[in-house]
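See structure below.
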Amino acid sequence: MVHERVMEKLAILSDAAKYDVSCSSGQSNRKNKDKGLGNSSGSGICHSYTEDGRCVALLKILLTNHCIFDCAYCVSRKSNDVKRAAFTVQEVVDLTIGFYRRNYIEGLFLSSGIFDNPDFTMERLVRIAKKLRLEHNFNGYIHLKAIPGASDELLKE
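Under this note's numbering, the first residue of the sequence shown carries the number 281, and numbering increases by one thereafter.
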């Protein structure tokens, strides 16, 4: 049951993340053919390029698509009638480590709608990065979006 709920959140929050154009979200789905092995779903995986031209796969998700603001350009705006979801800090950490260990990804691309206030949201993003780096010794790439209005102290962290 828990796994199903996390997968439902992943579907919602990876779909919402595809609108951030700073990282390609091209997805391909391949169904198992007769006598074939496995299915492929590109949900949540994006590809970016390093300075040397190497292509890297990233888990591209939102922490939440709930937002207190109503920006006209944003798919997660408060007035938009979309299915809402939010990961816990631990769920993002577990997904990232799990995908990394299976060689699905080389890093995390994480953005978010704004929960309660900008600092509350930015603090959660920073907690995710710290847990990955300090508790799990994660050496993969981490791209965190700076939350508009978050304090300078949190952004420096």
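Cβ atoms here follow ideal geometry from the backbone N, Cα and C, with glycine treated the same way.
Endpoints, the beta strand (DSSP E) within which residue 389 is located
Reading the sequence shown from its first residue, position 109 is the one you call residue 389. Note, residue 389: beta strand (DSSP E), 387–391.
So for residue 330, helix, strand or coil by DSSP?
Stepping through the sequence shown from its first residue, residue 330 is reached at position 50. In this structure, residue 330 counts as coil in the three-state DSSP scheme.
Which residues does DSSP pair with residue 341 in a beta bridge?
Position 61 of the sequence shown, counted from the start, is the residue given in the question as residue 341. Bridge partners of residue 341: 390.
Is DSSP giving residue 427 helix, strand or coil here?
Within the sequence shown, the letter at position 147 stands for residue 427. It is coil, neither helix nor strand.
How do the segment 289–302 and the segment 339–352 stand: do at least 3 beta-carbon pairs fall below 8 Å, yes or no?
yes
Span separating the alpha-carbon of residue 368 from that of residue 334
The residue given as residue 368 occupies position 88 in the sequence shown. The residue given as residue 334 occupies position 54 in the sequence shown. In a straight line, the C-alpha of residue 368 is about 31 Å away from that of residue 334.
Starting from residue 335, follow its DSSP beta bridges and name the residues at the other end.
As a working mapping, residue 335 is identified with position 55 in the sequence shown. For residue 335, DSSP records a beta bridge to 329.
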